[in-house]
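Asks: Below is the structure I would like to discuss, written out as structure tokens.
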Amino acid sequence: MLELYDGALDVPELLKKWYEEESRGNYGAYIPFVGTVRDENGIEGLSFDIYEPILTSWFDAWQQKAAGRGALLKMAHSRGDVLLHQSSYIAAVFSPKRRVALEMIEAFVEDFKASAPIWKYDLKNGERIYAADRSTAIGGSGLLAGGDA
Amino acid sequence: MLELYDGALDVPELLKKWYEEESRGNYGAYIPFVGTVRDENGIEGLSFDIYEPILTSWFDAWQQKAAGRGALLKMAHSRGDVLLHQSSYIAAVFSPKRRVALEMIEAFVEDFKASAPIWKYDLKNGERIYAADRSTAIGGSGLLAGGDA
Amino acid sequence: MVRIEFLGPIQKPAVEMEASTLAEVAEALRADETLKAWLKNSAVAVNDTLVSGLDVALKDGDKVSLLPPVCGG
Amino acid sequence: MVRIEFLGPIQKPAVEMEASTLAEVAEALRADETLKAWLKNSAVAVNDTLVSGLDVALKDGDKVSLLPPVCGG
């Protein structure tokens, strides 16, 4: 349910595959969220590092939460370089009910942004520059810095 | 941007077509909502009537609202019969920003449910039965009934 | 003449009548017992624009539509 | 020996050290000036589970990971 790919995602193919995989699941609502690299700040693209063990446990915890509401989550993300107008991220929820699906896609995507162990870099002038200003410290950060944190 | 089809929608094809149509639009987020006919209450499927002139003006008003936030909407809906596990509805938002896209898909889908001039029928034992109990009176209904409304 | 259309599940053929305001249309339709429930839960459009009051002036060729409760999706 | 891994943009090779609690690891890492900013904004996992206190006991072969600010999507 969590799929990692080197480079850009094949969005039409993944959206189709997931739709067909769940076509007999009796889900009334399917909401994918697709994230695409925008042409801004003079970048040539983005690049991603992923720490898979913690991403997997984070995703599994969300999958359990979804199951408690009768829903199902799928997610795909790119590793490495993704160029302008290519896509690096798809999250999707399947749910019997519309309301659950709408609430869950929002909560899932926001928590993903705040917690998923993925690091983003701008590709600019051939360099790979950590996107520090757009990154979010995971809850509880600073533990090792001690009292002067 | 508003597409009506006789019978079930080809979901993978529409999701792909829309993604490709906007691939150079510099939208960072694409969120489709797909509605699929659930096997429940012993139905064989659903059937839809659409009043196109008012659906079109309702959709155009939403498109303008989306444009004011830099976003774009697309929608497809079925006319006539749609069988179990087939899909009858797709709404999608494209937006530069994630937050706008998440907020807009929810508001658009909810207003669609409350206001779009589409009538749903259960297909059951070969009959076409108006889904009165799941239907919502449009705002301002009862005008012609007068004081005893 | 004004044309009255009954949309979706109302399943009634359109009718034509003389009327110079929506209030006159309302009065005429209230005489039809089979429409009683639909009048209570239907919205009304004049020439495909939803209206919220009965004091709408009508002219020859105008179209009045009754929209019963909806459920798309 | 405990292994310390620095994830993502920290760009520092893993180190191994003797330590019986996370507090001892913290003390050792604070001595490294190049890590000062990262210690302030990184979360910590022991054997791939995020932890919220320094009183975590460590044993031979344990893995401590530093996770700097994230931005997936």
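Protein chains in written order, with the working numbering: chain Y, 16 to 164; chain P, 16 to 164; chain F, 1013 to 1085; chain L, 1013 to 1085. Cβ atoms here follow ideal geometry from the backbone N, Cα and C, with glycine treated the same way.
1) May I ask whether a heavy atom of the ligand ZN can be found less than 7 Å away from the beta carbon of L/S1064?
2) Going by beta-carbon coordinates alone, are Y/F48 and Y/I120 separated by less than 8 Å?
3) Run through DSSP, which three-state label would F/R1042 get?
4) For Y/E13 and L/L1051, what's the separation of their Cα atoms in angstroms?
5) Would you identify the three-state DSSP class for Y/L30, choosing helix, strand or coil?
6) Give me the residue from P/A23, P/Y66 and P/Y45 with the minimum Cα distance to P/L30.
7) Return the first residue and the last residue of the beta strand (DSSP E) that Y/E121 is part of.
8) How would you write the range of the beta strand (DSSP E) that P/I105 sits in, first residue to last?
9) Could you tell me how far apart the beta carbons of Y/S150 and Y/K135 are, in whole angstroms, since I believe they sit closer than 8 Å?
10) Taking contact to mean at least 3 C-beta pairs separated by less than 8 Å, is the segment 48 to 67 of chain Y in contact with the segment 49 to 62 of chain P?
11) Checking contacts by CB at 8 Å: is P/R149 closer than that to chain Y?
12) What are the boundary residues of the alpha helix (DSSP H) that includes Y/S72?
13) Could you tell me whether any Cβ in chain Y is nearer than 8 Å to the Cβ of P/N41?
14) Using 8 Å as the limit for Cβ to Cβ distance, is P/G2 near chain F?
15) Return the Cβ separation of Y/Y104 and L/P1021 in integer angstroms, given the expectation that the two are a contact with Cβ distance under 8 Å.
16) Of all the residues that make up the segment 20 to 48 of chain P, which are near chain Y by a beta-carbon distance shorter than 7 Å?
17) Strictly below 7 Å CB to CB, what residues from chain L border Y/A107?
18) Could you compute how far the alpha carbon of P/P111 sits from the alpha carbon of P/G40?
19) Since L/G1073 meets chain Y, which of its residues come closer than 7 Å, beta carbon to beta carbon?
20) Give me, in chain order, the residues of the same chain whose beta-carbon lies closer than 7 Å to that of P/A131; leave out the 5 immediate sequence neighbours on both sides.
21) What first and last residue would you give for the beta strand (DSSP E) that runs through L/A1090?
22) Could you name the residues of chain P that F/S1054 contacts, counting a contact when the two beta carbons are closer than 9 Å?
23) Does F/S1064 pass the burial test, meaning 16 or more other C-beta atoms within 10 Å, or should it be called exposed?
24) Spatial neighbours of F/L1066 within its chain, please: C-beta separation below 8 Å, excluding the five flanking residues on both sides.
25) Does DSSP put Y/D148 in a helix, a strand or coil?
26) Which partner residues does P/G95 have in the DSSP bridge list?
27) What residue range does the beta strand (DSSP E) around F/M1103 cover?
28) So with CB distances below 7 Å, who are the chain Y contacts of L/P1021?
29) Nearest CA to the CA of Y/Q79: which residue from Y/L159, Y/F123 and Y/L24?
30) Taking the straight line between their C-alpha atoms, what separation do you get for F/L1079 and Y/G83?
31) Does DSSP put F/V1056 in a helix, a strand or coil?
32) Of the choices F/L1062, F/V1076, F/Q1023 and F/D1060, whose alpha-carbon is the least far from that of F/A1040?
33) To which residues does DSSP link P/S38 through a beta bridge?
34) Using beta-carbon positions only, say whether Y/I133 and L/C1083 come within less than 8 Å of one another.
35) Using three-state DSSP, classify L/G1073 as helix, strand or coil.
36) Any idea which residues DSSP pairs F/D1067 with across the strands?
Replies: For this structure:
1) Ligands displayed in this structure: none; no statement on the ligand ZN is therefore possible.
2) yes
3) helix
4) Nothing can be reported for residue 13 of chain Y: it is not among the residues displayed for chain Y, which extend from 16 to 164.
5) helix
6) P/Y45
7) Taken as a continuous stretch (DSSP letters only), Y/E121 belongs to no beta strand (DSSP E), being part of the alpha helix (DSSP H) at R113 to S130.
8) S102 to S110
9) Yes, Y/S150 and Y/K135 are in contact; Cβ-Cβ is about 7 Å, under 8 Å.
10) no
11) no
12) E67 to A82
13) yes
14) Beyond the ends of chain P as shown, which are 16 and 164, falls residue 2 of chain P; an answer cannot be given.
15) Actually they do not touch by this definition, with Cβ atoms about 19 Å apart.
16) V26, P27, L30, K31, Y34, S38, R39, N41, Y42, G43, A44, Y45, I46, P47 and F48
17) Within 7 Å Cβ-Cβ: nothing; Y/A107 doesn't reach chain L, min ~14 Å.
18) 9 Å
19) Below the 7 Å Cβ cutoff, chain Y contributes no neighbours of L/G1073, its closest Cβ being approximately 15 Å away.
20) L70 and W73, listed in sequence order.
21) Because chain L is modelled from 1013 through 1085, residue 1090 of chain L falls outside the range shown and cannot be assessed.
22) A152, I153, S156, G157, L158, L159 and A160
23) exposed
24) T1033, L1034, A1035 and A1038
25) Secondary structure at Y/D148: helix, using DSSP grouped into helix, strand and coil.
26) P/F63
27) This structure cannot speak to residue 1103 of chain F, because chain F is shown only from 1013 to 1085.
28) W134 and Y145
29) Y/F123
30) 39 Å
31) strand
32) F/V1076
33) According to DSSP, P/S38 bridges with nothing at all.
34) yes
35) For L/G1073, the secondary structure class from DSSP, reduced to helix, strand or coil, is coil.
36) According to DSSP, which records beta bridges pairwise, F/D1067 is partnered with nothing at all.
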